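Q: Let me give you the structure first, and then I'll get to my questions.
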Amino acid sequence: MIRIASGQAFWGDWPQAPALQVRSGPIDYLVLDYLAEVTVAILQKQRARDPESGYARDFVGDIGDLLPELMDRGIKVISSAGGVNPRACAQALLARARELGVEGLRVGIVEGDDVFDRLGDPVGSGLPLRALEPDGPSLEEIGPRLTSAHAYLGADPIVRALREGAHVVVTGRCTDSALALAPIVHEFDVAPDDWDALALGTVVGHVLECGAQSTGGNYLADWRNVPSPEKIGFPIAELEGPDRAVITKHESLGGLVNGPSVKEQLLYEIGDPRAYITADCVTDFTTIQLRDEGGDRVALAGVRGRPAPETLKVSCVYSAGWKVSGQLTYCWPEALAKARAAGELVRKRTEAVVGRPFEEWLAEYVGSGACLGALGERHPDPDEVVLRVSAKSTDRGACDRLGRELVGLILTGPPGATGYAAGRPRPSEINGIWSGLIPRASIDPRVEVLG
Amino acid sequence: MTPRAACRLFVLAHGRSGDKGDVVNIGIIARRDEWYGILERELTVARVQRHLEPLGIGGVERFELPNLGALNFLVREALGGGGAVTLKLDAQGKTFAQALLRMPMDLPEGLAGAVRQHWGDQLPADCVISGDGQ
Numbered sequence: 033m034i035r036i037a038s039g040q041a042f043w044g045d046w047p048q049a050p051a052l053q054v055r056s057g058p059i060d061y062l063v064l065d066y067l068a069e070v071t072v073a074i075l076q077k078q079r080a081r082d083p084e085s086g087y088a089r090d091f092v093g094d095i096g097d098l099l100p101e102l103m104d105r106g107i108k109v110i111s112s113a114g115g116v117n118p119r120a121c122a123q124a125l126l127a128r129a130r131e132l133g134v135e136g137l138r139v140g141i142v143e144g145d146d147v148f149d150r151l152g153d154p155v156g157s158g159l160p161l162r163a164l165e166p167d168g169p170s171l172e173e174i175g176p177r178l179t180s181a182h183a184y185l186g187a188d189p190i191v192r193a194l195r196e197g198a199h200v201v202v203t204g205r206c207t208d209s210a211l212a213l214a215p216i217v218h219e220f221d222v223a224p225d226d227w228d229a230l231a232l233g234t235v236v237g238h239v240l241e242c243g244a245q246s247t248g249g250n251y252l253a254d255w256r257n258v259p260s261p262e263k264i265g266f267p268i269a270e271l272e273g274p275d276r277a278v279i280t281k282h283e284s285l286g287g288l289v290n291g292p293s294v295k296e297q298l299l300y301e302i303g304d305p306r307a308y309i310t311a312d313c314v315t316d317f318t319t320i321q322l323r324d325e326g327g328d329r330v331a332l333a334g335v336r337g338r339p340a341p342e343t344l345k346v347s348c349v350y351s352a353g354w355k356v357s358g359q360l361t362y363c364w365p366e367a368l369a370k371a372r373a374a375g376e377l378v379r380k381r382t383e384a385v386v387g388r389p390f391e392e393w394l395a396e397y398v399g400s401g402a403c404l405g406a407l408g409e410r411h412p413d414p415d416e417v418v419l420r421v422s423a424k425s426t427d428r429g430a431c432d433r434l435g436r437e438l439v440g441l442i443l444t445g446p447p448g449a450t451g452y453a454a455g456r457p458r459p460s461e462i463n464g465i466w467s468g469l470i471p472r473a474s475i476d477p478r479v480e481v482l483g
Numbered sequence: 344m345t346p347r348a349a350c351r352l353f354v355l356a357h358g359r360s361g362d363k364g365d366v367v368n369i370g371i372i373a374r375r376d377e378w379y380g381i382l383e384r385e386l387t388v389a390r391v392q393r394h395l396e397p398l399g400i401g402g403v404e405r406f407e408l409p410n411l412g413a414l415n416f417l418v419r420e421a422l423g424g425g426g427a428v429t430l431k432l433d434a435q436g437k438t439f440a441q442a443l444l445r446m447p448m449d450l451p452e453g454l455a456g457a458v459r460q461h462w463g464d465q466l467p468a469d470c471v472i473s474g475d476g477q
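Residue numbers (the working numbering), protein chains in the order written: chain E, 33 to 483; chain S, 344 to 477.
Encoded structure:
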């Protein structure tokens, strides 16, 4: 039997999770996802300033500290922490191993997802890319503003790194589910056209990729009755073969695994459930047979898969102007009316000095409809309301000005404003995302094992 | 007298929502397997579209997962251009599941008792069950 443990669902996820997964019971693989869609763009900018950066540094710190135990117990680690620079990530981890006196560490890297330099001139002419959303802007249109372009790789290159003896595999952009699917393919020698096994592994990956979201975190069904949430256990998949998996957690940790908790995650961020498309296969979620076995064990079986698509998804990030968001809290009486008046006032003042309207403007009233809008119920005179104003502009200066004008409201606007201790809101660049499809044959993932 | 209940969808179902570009997906899951049929019947595309309209959305599409006792709704043009570019506080559409679960539901005859039994003393305060002598 193999045990695959989830240790991180995104960069910034609960920092205690990796060590708890390693130290609270038996596991064979630890999988950690660090790359949300725009994370690669942020890392790309970091690497442009420093060629030795561009990966998730927290991974090196957190996993580095665990290396002696991981090597001792033969636990393998698979992570997308490589970002846009898996090689530098691997080298940093190897350096940490030397510091700790850990010998024999082999770190596999997966490259070839970055297609930015292959886009051509005019942009897009170098690769047979097809837009996923035909109504959106063309690649040529956004070309000069592109900051990154990455293809989503599947499990295969990770499997190759494991077969070459890697103890740790760091990838760049790959499908989230590939991190957990790879050890299943590796351990059970799953054939590249065994679509049902690949689909089961993809479902396992989908459950694990969001960490505690399947074990009682963000649990809408019954959040009050999650046991010991202060030490919530992340999910673990147990497999005796590639046709059935049991989702569970370490017994000594908190949280829960039951039908509702796993179902909430299965339904998370899916489109047509009959065709969940990844680089490895097309999975039919309507064939999943889920059985709550009790005792924090949920079995998944019966999953049917179809052949992988001939194309891979490519995600391009481009600079789409600037935005700024800031907030002030208004206290009773008439908190909502004052927040509204303050929002109007700051808009008027800022646009007057900037000389033109913002391209987009949004005023929200947190505590009074910011999430539920007209679907919610309004208290006639709430204790407090948080005014949140946001604006977009191609001009960074206009956004910066709004931040200054907002703080200026404290002594020049409606009474009872507080909650500004964090200081003046700063503009941030907007990362637009252009998604496309590329023939699989155009992408050539490279695997190398260092150490 | 048969118990009747004026509740919200929340008492029958739970769920989760998230983003894919400018599309929000809302998974709605029956709290008991035998309640899935009610969801399938009551949560028509037209009714969900009408309910979510105040949030300013595009079209709604529905998919069934009877194997999980669940429905998946795709809500288009829901995030002001998408999670990466939107100005909205709820940039990733995390609250859409809750918004849908607020849908008022008159529980069909015979179900009110089962709902009371399922929830026990944790029945949400805004679920009013009348006519069963309690």
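Note that CB positions come from ideal geometry on N, CA and C, so glycine has one too.
Note that the coordinates shown come from a computational prediction; the quantities given were computed from them, not determined experimentally.
What are the residues of the stretch 296 to 309 of chain E that lie near chain S, defined by any Cβ-Cβ distance shorter than 8 Å?
A: Result list: GLU296, GLN297, LEU298, LEU299, TYR300, GLU301, ILE302, GLY303, ASP304, PRO305 and ARG306.
Q: When Cβ atoms are compared, which residues of the stretch 401 to 425 of chain E fall closer than 8 Å to chain S?
A: Against chain S - using a Cβ distance shorter than 8 Å - the residues of the stretch 401 to 425 of chain E are ALA402, CYS403, LEU404, GLY405, ALA406, LEU407, GLY408, ARG420, SER422, ALA423 and LYS424.
Q: For the stretch 447 to 461 of chain S, which residues have a CB atom closer than 7 Å to at least one CB atom of chain E, in sequence order?
A: Of all residues in the stretch 447 to 461 of chain S, none has a Cβ within less than 7 Å of some Cβ in chain E.
Q: Which residues of the stretch 445 to 477 of chain E have a Cβ closer than 8 Å to any Cβ of chain S? Give them in chain order.
A: The residues in question are ILE462, ASN463, GLY464, ILE465 and SER467.
Q: Is the stretch 353 to 367 of chain S in contact with the stretch 136 to 143 of chain E, if contact means three or more CB pairs nearer than 8 Å?
A: With a cut-off of 8 Å, the stretch 136 to 143 of chain E and the stretch 353 to 367 of chain S do not count as touching, because too few Cβ pairs lie within range.
Q: How many angstroms separate the CA atom of E/GLY464 from the CA atom of S/ILE472?
A: Looking at the two C-alpha atoms, the distance is approximately 49 Å.
Q: Entirely within the stretch 343 to 386 of chain E and at least 3 residues each: give me those beta strand (DSSP E) ranges in chain order.
A: As far as the stretch 343 to 386 of chain E is concerned, its whole beta strand (DSSP E) runs of at least 3 residues are 343 to 363.
Q: Please list the partners that E/SER357 has in chain B, where partner means a Cβ-to-Cβ separation under 8 Å.
A: Considering every chain present, this structure includes no chain B. Its protein chains are E and S.
Q: Where DSSP assigns a beta bridge to E/LYS108, which residues make up the other side?
A: Its beta-bridge partners are E/TYR61.
Q: Taking the alpha carbon of E/ALA49 as the reference point, which residue from E/GLU262, E/ASN117 and E/SER85 has its own alpha carbon closest?
A: Residue E/GLU262 is the option with its Cα nearest to E/ALA49.
Q: Classify S/GLN435 as helix, strand or coil using the three-state DSSP reduction.
A: Note: S/GLN435 maps to coil in three-state DSSP.
Q: Mapping DSSP to helix, strand and coil, what is S/GLN477?
A: Because the pLDDT of S/GLN477 is 46, which lies under 50, any placement of that residue in the model is unreliable, and the question is left without a value.
Q: Closer than 9 Å by beta-carbon distance: list the chain S residues that pair up with E/THR319, in chain order.
A: By Cβ distance, chain S contributes ASN410.
Q: Pop quiz: E/SER18 and E/LEU178 are said to be a contact at Cβ under 8 Å. What is the actual Cβ separation, rounded to whole angstroms?
A: With chain E covering only 33 through 483, there is no way to say anything about residue 18 of chain E.
Q: How would you list, in chain order, the residues of chain E whose beta-carbon sits under 7 Å from the beta-carbon of S/THR387?
A: The premise fails here: S/THR387 is roughly 18 Å from chain E at the closest Cβ pair, so nothing lies under 7 Å.
Q: Along chain S, which residues have their Cβ under 8 Å away from the Cβ of E/LEU322?
A: Neighbours of E/LEU322 on chain S, chain order: ASN410 and LEU411.
Q: Compare the C-beta of S/PRO397 against all C-beta atoms of chain E and say whether one is closer than 7 Å.
A: Closer than 7 Å to some Cβ of chain E, the Cβ of S/PRO397 qualifies, so yes.
Q: So that I know if they touch, is there some Cβ in chain S lying closer than 7 Å to that of E/VAL70?
A: With 7 Å as the cut-off, E/VAL70 counts as an interface residue toward chain S.
Q: When the Cα atoms are used, what is the spatial distance from E/ARG65 to S/ASP376?
A: It should be noted that the sequence gives Asp, not Arg, for residue 65 of chain E. The alpha-carbon atoms of E/ASP65 and S/ASP376 are separated by roughly 33 Å.
Q: For E/CYS431, collect the residues of the same chain with a Cβ closer than 7 Å to its Cβ; drop the 5 residues on either side in sequence, then sort them by chain order.
A: Within the same chain, E/CYS431 has close Cβ partners TRP354, LYS355, VAL356, ALA423, SER425 and PRO459.
Q: Spell out whether any CB of chain S is found under 7 Å from the CB atom of E/GLU437.
A: No, because no Cβ of chain S sits closer than 7 Å to the Cβ of E/GLU437.
Q: Output the distance between the C-alpha atoms of E/PRO166 and E/ARG436, rounded to the nearest integer angstrom.
A: Looking at the two C-alpha atoms, the distance is approximately 39 Å.
Q: Could you list which residues in chain E have their beta carbon closer than 7 Å to that of S/PHE433, in chain order?
A: The question names Phe, yet the displayed sequence has Asp at residue 433 of chain S. Under the 7 Å cutoff, chain E gives CYS403.
Q: Give a yes or no on whether 7 Å exceeds the smallest Cβ distance from E/ALA231 to chain S.
A: For E/ALA231, the answer is no, since every Cβ of chain S falls outside 7 Å of its Cβ.
Q: Which residue comes first and which comes last in the beta strand (DSSP E) that contains E/GLU270?
A: E/GLU270 -> beta strand (DSSP E) spans 268 to 273.
Q: Leaving out the 5 sequence neighbours to the left and right, which residues in its chain are closer than 7 Å to E/THR343 when beta-carbon positions are compared?
A: Contacts found: LEU469, ILE470, PRO471 and ARG472.
Q: Give me the residue from E/TYR452, E/VAL201, E/ILE279 and E/PRO447 with the minimum Cα distance to E/VAL439.
A: For the residues E/TYR452, E/VAL201, E/ILE279 and E/PRO447, the minimum Cα distance to E/VAL439 belongs to E/TYR452.
Q: I'd like to know whether the C-beta of E/LEU394 is nearer than 7 Å to at least one C-beta of chain S.
A: So yes, E/LEU394 belongs to the interface.
Q: Going along chain S, which residues have a C-beta under 7 Å from E/ALA352?
A: Simply VAL428.
Q: Output yes or no for whether 7 Å exceeds the beta carbon distance between E/VAL147 and E/ALA124.
A: Cβ atoms of E/VAL147 and E/ALA124: not closer than 7 Å.
Q: Would you mind sorting E/ASP476 into buried or exposed? The rule is 16 or more other CB atoms within 10 Å of its CB.
A: E/ASP476 is exposed by the Cβ-count criterion.
Q: Tell me the DSSP secondary structure of S/ASP469 in three-state form.
A: S/ASP469: coil per DSSP, three-state reduction.
Q: What in chain E is Cβ-close to S/ARG359, meaning under 8 Å?
A: The answer, in chain order, is GLN245, ASN250, LEU252, GLU296, GLN297, LEU299 and TYR300.
Q: Rounded to the nearest angstrom, what separates S/ILE381 and E/ALA210 at their Cα positions?
A: Approximately 36 Å, taken between the alpha carbons.
Q: Can you tell me which of the three DSSP states E/PRO215 falls into?
A: In the structure shown, E/PRO215 sits in a helix (DSSP, three-state: H, G or I).
Q: Determine, using beta carbons only, whether E/PRO523 and E/SER246 come nearer to each other than 7 Å.
A: For residue 523 of chain E there is no data in the structure shown, the boundaries of chain E being 33 and 483.
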